[in-house]
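Colleague:
Residue numbers (my numbering), protein chains in the order written: chain L, 3 to 120; chain C, 370 to 482.
As structure tokens, then:
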């Protein structure tokens, strides 16, 4: 079965400093991995998606993530934090069932709340 | 293209009542998935519909049901509401194939008193 573990429930950074949000995954198949962001009282917005085309995935708003199979990790990074980045971030794996195909079921990590200090 | 829309955005009900939530997917998307988000349990998958058929279901009691219409719009129904059903209910749409990205609506916040 697929699962994701977000290693930090809360991360605090200063504006202009790098952001690192950590995620480890477990999957029997080559996984589809995502990072979504949720601002307060809003829905989920897709930041980026990995589907085996390239191990370094670039997303929106300057975020990127690197898929490392040997470490089963998919950490999210950004070189310089902005106040508007303060939100909750979810690492997500697509449940691929028993045949390697998507079944429309996303499995979410518990989330990491990112605070950005001025 | 317009995004995923959900109605209503906020809802207050009392225990024992039933509720119906609506989701309109992005034009051309045939798959609609529903998720429940609570502070304690996080985001959990409820079910997915594709071409009017339930294709996958999460671990929720039978009080939670859904359906999808021929225009891909979907409804979720919760009967005999319990206090623990208070949550943000999110729907997401996708084209429906393997590895398709799901796009989320703003959610319906349900409060059960």
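Note that CB positions come from ideal geometry on N, CA and C, so glycine has one too.
1) Whether or not the segment 377-391 of chain C and the segment 54-70 of chain L are in contact is what I'm after, with contact meaning three or more pairs of Cβ atoms, one per stretch, closer than 8 Å; do they touch?
2) Determine the closest residue to residue 49 of chain L out of C:480, C:478, C:479, C:472, with distance taken between C-alpha atoms.
3) Quick one: what's got a C-beta closer than 7 Å to residue 403 of chain C's C-beta in the same chain, skipping five residues either side?
4) Give a yes or no on whether 8 Å exceeds the smallest Cβ distance from residue 61 of chain L to chain C.
5) Would you report the Cα separation of residue 104 of chain L and residue 96 of chain L, rounded to the nearest angstrom?
6) Who are the near neighbours of residue 79 of chain L in its chain, counting only those whose CB is closer than 8 Å to its CB and skipping five residues on each side?
7) Give the secondary structure of residue 390 of chain C by DSSP, where H, G and I count as helix, E and B as strand, and everything else as coil.
8) With distances taken Cα to Cα, identify the nearest neighbour of residue 392 of chain C among C:481, C:463, C:480.
9) Answer with yes or no whether the minimum CB distance from residue 113 of chain L to chain C is below 8 Å.
10) Quick one: which chain C residues come within Cβ less than 7 Å of residue 65 of chain L?
11) What does a CB cutoff of less than 7 Å around residue 77 of chain L pick up in its chain, not counting 5 residues either side in sequence?
12) Let me know the secondary structure DSSP gives residue 109 of chain L once reduced to three states.
13) If I measure Cβ to Cβ from residue 14 of chain L and keep anything under 7 Å in the same chain, skipping five residues before and after, which residues do I get?
14) For residue 477 of chain C and residue 375 of chain C, which I take to be in contact (beta-carbon distance under 8 Å), what is that distance rounded to the nearest angstrom?
15) If you reduce the DSSP assignment to three classes, tell me which class residue 62 of chain L lands in.
16) Report the rounded CA-to-CA distance for residue 400 of chain C versus residue 420 of chain C, giving the unit in angstroms.
17) When the distance is taken between beta carbons, is residue 39 of chain L closer than 8 Å to residue 91 of chain L?
18) Can you give me the Cβ contacts of residue 11 of chain L inside the same chain, cut-off strictly under 8 Å, excluding the 5 residues immediately before and after it?
19) Hey, is residue 475 of chain C's beta-carbon within less than 8 Å of any beta-carbon in chain L?
20) Between which two residues does the beta strand (DSSP E) containing residue 51 of chain L stretch?
21) Measure the C-alpha to C-alpha separation of residue 43 of chain L and residue 422 of chain C and round it to an integer number of angstroms.
Modeller: Quick look at the numbers:
1) no
2) C:472
3) 415, 416, 435, 445, 458, 460
4) no
5) Low per-residue confidence applies at residue 104 of chain L: pLDDT is 48, beneath 50, and the placement is therefore not dependable, though the value from the model is reported in the following sentence. Using only the alpha carbons, I get a separation of about 7 Å.
6) 20, 21, 22, 23, 65, 66, 67, 68
7) strand
8) C:463
9) yes
10) Those do not exist, as residue 65 of chain L stays about 16 Å from chain C at its closest Cβ, beyond 7 Å.
11) 22, 23, 24, 25, 67, 68
12) strand
13) 117, 119
14) 5 Å
15) helix
16) 7 Å
17) yes
18) 112, 113, 114, 115
19) yes
20) 46-52
21) 30 Å
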